[in-house]
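When you read off a place in the sequence shown, starting at 1, and then add 490, the result is the number in my numbering.
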Amino acid sequence: MLIFSVTFAVPLLSLAFTYTCVGRRLWLRASPGNADPTRDLTQLRAKRKIIKMLVTIVVLFALCWLPLQTFLLLYYFVPGFDSYQTDEERKVYALSYFACHWLANANSMVNPFVYCFMSDNFRNDQVNEDEGAGHVARMWEKRNPFRILVGKPEGRRLLGRPRHRWVDNIKMDPREIGWDGMDWIDLAEDRGQWRALVNTRAAVKFCFLLGKSGTETLEMLKRAYKDDAMGKTQVFEWFSRFKNGEMSIDDKPRSGRPSTARTHENVEKIRDIIKEDRRRTIEEIVELSGVTWSSAARFVKEKTTEALSSISKDEFRQCFEKWNKRLDKCISVSGEYFEGD
491 MLIFSVTFAV
501 PLLSLAFTYT
511 CVGRRLWLRA
521 SPGNADPTRD
531 LTQLRAKRKI
541 IKMLVTIVVL
551 FALCWLPLQT
561 FLLLYYFVPG
571 FDSYQTDEER
581 KVYALSYFAC
591 HWLANANSMV
601 NPFVYCFMSD
611 NFRNDQVNED
621 EGAGHVARMW
631 EKRNPFRILV
641 GKPEGRRLLG
651 RPRHRWVDNI
661 KMDPREIGWD
671 GMDWIDLAED
681 RGQWRALVNT
691 RAAVKFCFLL
701 GKSGTETLEM
711 LKRAYKDDAM
721 GKTQVFEWFS
731 RFKNGEMSID
741 DKPRSGRPST
751 ARTHENVEKI
761 RDIIKEDRRR
771 TIEEIVELSG
781 VTWSSAARFV
791 KEKTTEALSS
801 ISKDEFRQCF
811 EKWNKRLDKC
821 ISVSGEYFEG
831 D
């Protein structure tokens with residue numbers, strides 16, 4: 491009984507007690523911040539998965555070791571248990587002992603399978619490791635080691651892999667690709683779409699100064715810009731402005747809105763407010779800047795959309811995959827995960 495207690499009963503009770511404490515603390519832990527039904531439901535599901543995994547580990551420990559412990563108890567306390575009269579009984583005895591002993595040692599083998607099937611984080615990390623195993627990039631000898639380690643290889647493609655498998659690229663954090671501290675509003679203002687619009691207006695003005703008619707200018711724009719060419723109404727509107735002496739190619743202030751809604755001063759003011767705290771709401775921006783709610787909302791929406799559109803697909807996928815892993819870790823610990831933990 492001493493051997494049974496030391497090698498089975500005490501470890502089983504200790505394992506059950508510690509995992510019960512862990513599960514109870516996890517289940518009673520409240521999520522930080524205000525109530526959010528979607529987030530709370532997701533965290534509740536994550537808690538249930540973790541608790542099921544803990545219970546499964548304890549049950550498997552008991553099932554794997556119980557046959558061997560039962561066999562040993564019968565051997566020590568049942569007289570004649572190890573006696574056999576025929577070769578068949580001897581084989582049954584030997585195979586029974588071997589099966590019990592193998593099942594006990596198999597407990598360590600089944601744990602990784604439990605983690606794999608019941609833990610999303612463990613499974614995803616293992617899949618990523620398997621996908622990256624054996625990938626050798628053939629690089630030129632004079633390559634920059636830093637770019638090889640933190641960027642997409644620019645040499646020949648990966649051996650044995652398709653040419654466009656983005657999952658084979660090195661997974662990079664936004665800091666590693668220079669996204670942290672980037673001024674998204676300045677980036678949006680430099681977009682090619684705005685430059686193309688200004689260039690088209692400049693081309694209309696150039697044709698006007700050359701003495702071309704509106705119809706001739708329209709035909710030249712269609713040949714040069716094709717589907718992106720300015721429409722007939724806009725071309726003649728700009729010709730009318732130029733004939734009246736208005737040579738600026740900037741937009742006129744729109745009627746029905748305050749003339750100061752989109753001034754350079756207000757744009758700079760909103761930009762500074764966002765730089766101070768990127769989590770500010772539209773209401774806070776309106777209160778601090780003094781512009782109307784619709785103007786602030788339109789400005790933030792336009793500039794954010796333009797900035798996000800400038801991100802390449804590969805960079806977005808890399809960043810999203812990194813964010814998804816962090817979200818899984820954060821859900822697993824009920825919001826108490828921070829980078830570096």
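Think of the CB as a built atom: it goes at the ideal place given N, C-alpha and C, for glycine as much as any other residue.
Are Leu460 and Lys537 touching if we call contact CB-CB under 7 Å? The structure shown does not extend to residue 460, since the chain is modelled only from 491 through 831, so no value can be given for it.
Endpoints, alpha helix (DSSP H) assigned at Phe603: Mapped onto the sequence shown, residue 603 falls at position 113. Unbroken alpha helix (DSSP H) run through Phe603: 597-608.
CA-CA distance, Arg514 and Thr528? The residue given as residue 514 occupies position 24 in the sequence shown. The residue given as residue 528 occupies position 38 in the sequence shown. Rounded to the nearest angstrom, the two C-alpha atoms are 22 Å apart.
From Ile638 to Gln808, what distance separates their C-alpha atoms? As a working note, residue 638 is residue 148 in the sequence shown. As a working note, residue 808 is residue 318 in the sequence shown. Any reading at Ile638 needs caution, since the residue's pLDDT is 47, under 50, leaving its predicted position unreliable; the model's value is listed next. Going by the C-alpha atoms only, they are around 16 Å apart.
According to the neighbour-count rule (16 or more other Cβ atoms, all chains shown, within 10 Å of its Cβ), is Phe498 buried or exposed? Numbered from 1 along the sequence shown, position 8 holds the residue referred to as residue 498. Phe498 is buried by the Cβ-count criterion.
The alpha helix (DSSP H) spanning Ser504 covers which residue range? Residue 504 sits at position 14 when you count from the first residue of the sequence shown. First-last of the alpha helix (DSSP H) with Ser504: 500-518.
Assuming Ala719 is part of the alpha helix (DSSP H), what are its boundary residues? Position 229 of the sequence shown, counted from the first residue, corresponds to residue 719. Counting along the chain, Ala719 falls outside any alpha helix (DSSP H), and DSSP gives it neither H nor E.
Three-state class that DSSP yields for Val776 in the structure shown: Counting from 1 along the sequence shown, the entry for residue 776 is found at position 286. Helix at Val776.
Use the C-beta contact count for Leu711: other C-beta atoms within 10 angstroms, 16 or more gives buried, fewer gives exposed. On the sequence shown, residue 711 is found 221 positions in, with the first residue counted as 1. The residue is buried, with at least 16 neighbouring Cβ atoms inside 10 Å.
Which residue from Ala506, Trp592, Phe607, Phe571 puts its Cα closest to that of Lys539? Here residue 539 refers to the residue found at position 49 of the sequence shown. Of the listed residues, the one whose Cα sits closest to Lys539 is Phe607.
Nearest-angstrom beta carbon gap, Ile547 and Asn595 [assumed within contact, 8 Å]: Against the sequence shown, residue 595 aligns to sequence position 105. Against the sequence shown, residue 547 aligns to sequence position 57. Not confirmed; about 16 Å, so no contact.
From Val694 to Lys803, what distance separates their C-alpha atoms? On the sequence shown, position 204 is the one that residue 694 refers to. On the sequence shown, position 313 is the one that residue 803 refers to. One C-alpha to the other measures close to 35 Å.
Three-state secondary structure assigned by DSSP to Pro557: For the purposes of this step, residue 557 is identified with residue 67 of the sequence shown, where counting begins at 1. In the structure shown, Pro557 sits in a helix (DSSP, three-state: H, G or I).
Is it buried or exposed for Thr508, if we count other Cβ within 10 angstroms and need 16 for buried? Walking along the sequence shown from the start, residue 508 turns up at place 18. With fewer than 16 other beta carbons inside 10 angstroms of its own, Thr508 counts as exposed.
Using 8 Å for Cβ pairs, my map puts Leu558 next to Cys590. What's the rounded Cβ distance? Residue numbering aside, residue 558 sits at position 68 when the sequence shown is read from its first letter. Residue numbering aside, residue 590 sits at position 100 when the sequence shown is read from its first letter. Contact holds; Cβ gap of about 4 Å.
Residue range of the alpha helix (DSSP H) that includes Ser785: What you label residue 785 is simply residue 295 of the sequence shown in a count that begins at 1. Segment 783-799, the alpha helix (DSSP H) holding Ser785.
If you count every other CB in all the chains shown that lies within 10 Å of the CB of Val500, and 16 or more means buried, which is it? Sequence index remark: in the sequence shown, residue 500 carries index 10 (1-based). Its Cβ having fewer than 16 others within 10 Å, Val500 is exposed.
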